[in-house]
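Enquirer: Got a structure for you, questions after.
Residue numbers (the UniProt record's numbering): 1 to 406.
Written out as structure tokens, the structure is:
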């Protein structure tokens, strides 16, 4: 096992790279879309060997893990694109499928029920990153950005920074179907040759290393002398259990070699020897049970995540309905307030007009009363005048003349 290469990558990309760099104890890599520093990592095996490089990861959760596990690497919490600035990033939580491609993210979230969070991420060009941080040859560049690969490749300075090997994810995210891009033609302009497709990634080599194409004539196989990281961890657990069994065997043997053992000791030894195989069987069953429990826990976790996603959808729908009702209610309240304000203004105007009319009527009544009083005074004055008295006597005489005439 000491001589075996430990593979951490999901599709044995690091095993294929090790065919080229098997004897190289130091080197430099650039990992765009680094994700987790251990699980499914293309660069972990090379970091353990002594290599160093740049890890670019926009998801804060994985960036923080990279800072802890890759303390001697350059870790950047940004994205890469063909223009510098800021972009909306779609984080498909705990999937490894997060992307700047919003259309692709919406499709994956809808079809597979993935929970999605959106936030703004600072982006730079690959060329700018290289000019700022890299002062040595790049042994390999890995690009895994879930549909954003073309933007990354277009942003490079391929004349001044030439990775010996480029690995680019080439399929539609979460699918074996190849994505149609112009990457191959673009890289060909800079003397890069496509040498291998592993079902997930395209491998390119610079013109000056085209002879490495011979190392990719066969898929990953037993002669690559590697072991996967999960298998290694399993073997370590088995070794620990075997150590415990050996310790028990040594204890039993120590009892066997004691001089003149008593009858009771002999019986105990026979019982211990008899139960040895049972103990071993129980340990094997425990290992199997543990694996089954792990699988059950994984299934339960998947179900829980699915349930949580469904609950989130329900809550989101309810929240949307509530917000719509709240908005309608606010509009209705504003409408009522507008009507009330208009009516209050009308009432105020009416009260003002009524007050003015009442004031004018009072003034007119007062003027009429004064006029009547003045006229009454004139009449009384006329009645008491000599003319009025003579006029009164003349009317009496006239009436008498009229009576005589009749």
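C-beta: ideal position from N, C-alpha, C; glycine also.
This one's a predicted model, so the numbers in the text were calculated from it and none came from an experiment.
Would residue 165 pass as a contact of residue 20 if the rule is Cβ separation under 8 Å?
Expert: Yes, the Cβ-Cβ distance between residue 165 and residue 20 is below 8 Å.
Enquirer: For a test of the three-state rule: what should DSSP assign to residue 169, helix, strand or coil?
Expert: Reduced to three states, the DSSP call for residue 169 is strand.
Enquirer: Let's see if you can read the secondary structure: which residues bound the beta strand (DSSP E) around residue 117?
Expert: 116 to 124 is the span of the beta strand (DSSP E), which, as asked, contains residue 117.
Enquirer: Keeping to the same chain, check which residues put their C-beta closer than 7 Å to that of residue 389; ignore five residues upstream and five downstream.
Expert: For residue 389, where only same-chain residues beyond five positions count, there are no Cβ hits under 7 Å.
Enquirer: Mapping DSSP to helix, strand and coil, what is residue 157?
Expert: The answer is coil: DSSP assigns residue 157 none of H, G, I, E or B.
Enquirer: Return the Cβ separation of residue 32 and residue 80 in integer angstroms, given the expectation that the two are a contact with Cβ distance under 8 Å.
Expert: That belief holds up - the Cβ atoms of residue 32 and residue 80 are roughly 5 Å apart, short of 8 Å.
Enquirer: Give me, in chain order, the residues of the same chain whose beta-carbon lies closer than 7 Å to that of residue 156; leave out the 5 immediate sequence neighbours on both sides.
Expert: So the list reads 126, 127, once near-sequence residues are dropped.
Enquirer: Taking only the alpha-carbon atoms, compute the straight-line gap between residue 296 and residue 290 and give it to the nearest angstrom.
Expert: Computed Cα separation, rounded: 10 Å.
Enquirer: Once DSSP output is grouped into helix, strand and coil, what is the label at residue 199?
Expert: In this structure, residue 199 counts as coil in the three-state DSSP scheme.
Enquirer: In the structure shown, what three-state DSSP assignment does residue 191 receive?
Expert: Three-state DSSP puts residue 191 in coil, outside helix and strand.
Enquirer: Taking only three categories from DSSP, how would you classify residue 7?
Expert: Reduced to three states, the DSSP call for residue 7 is strand.
Enquirer: Note down the Cα distance separating residue 26 from residue 136, rounded to an integer number of angstroms.
Expert: The straight-line gap from Cα to Cα measures roughly 12 Å.
Enquirer: List the DSSP bridge partners of residue 91.
Expert: Beta-bridge pairing links residue 91 to 117.
Enquirer: How is residue 206 classed by DSSP in three states: helix, strand or coil?
Expert: Residue state, collapsed to three classes: strand.
Enquirer: Just the C-alpha distance for residue 58 and residue 219, rounded to the nearest angstrom, thanks.
Expert: Rounded to the nearest angstrom, the two C-alpha atoms are 32 Å apart.
Enquirer: Nearest to residue 310 by CA position, among 110, 43, 40, is which residue?
Expert: Checking every option, the nearest Cα to that of residue 310 belongs to 110.
Enquirer: Quick check on this structure: which residue in 209, 35, 199, 64 has the alpha carbon closest to the alpha carbon of residue 138?
Expert: Out of 209, 35, 199, 64, 209 has the C-alpha closest to the C-alpha of residue 138.
Enquirer: Taking the alpha-carbon positions, what's the residue 443 to residue 344 distance?
Expert: The structure shown does not extend to residue 443, since the chain spans only 1 to 406, so no value can be given for it.
Enquirer: Less than 8 Å between the beta carbons of residue 147 and residue 179, yes or no?
Expert: Contact flag set, yes.
Enquirer: Are the Cβ atoms of residue 225 and residue 4 separated by less than 8 Å?
Expert: It is a contact, given that the beta carbons lie within the stated cut-off.
Enquirer: Determine contact between the stretch 57 to 71 and the stretch 176 to 192, defined as no fewer than three beta-carbon pairs at a distance below 8 Å.
Expert: Counting Cβ pairs under 8 Å, fewer than three are found: no touch.
Enquirer: Decide if residue 99 is buried, meaning its Cβ has at least 16 other Cβ atoms within 10 Å, or exposed.
Expert: That one is buried.
Enquirer: Have a look at 115, 84, 30, 48 and flag the residue whose alpha-carbon is nearest the alpha-carbon of residue 229.
Expert: Of the listed residues, the one whose Cα sits closest to residue 229 is 48.
Enquirer: Taking 8 Å as the threshold (C-beta atoms), are residue 227 and residue 252 in contact?
Expert: No. Outside cutoff.
Enquirer: In angstroms with no decimal places, state the Cα-to-Cα distance between residue 382 and residue 399.
Expert: Approximately 22 Å, taken between the alpha carbons.
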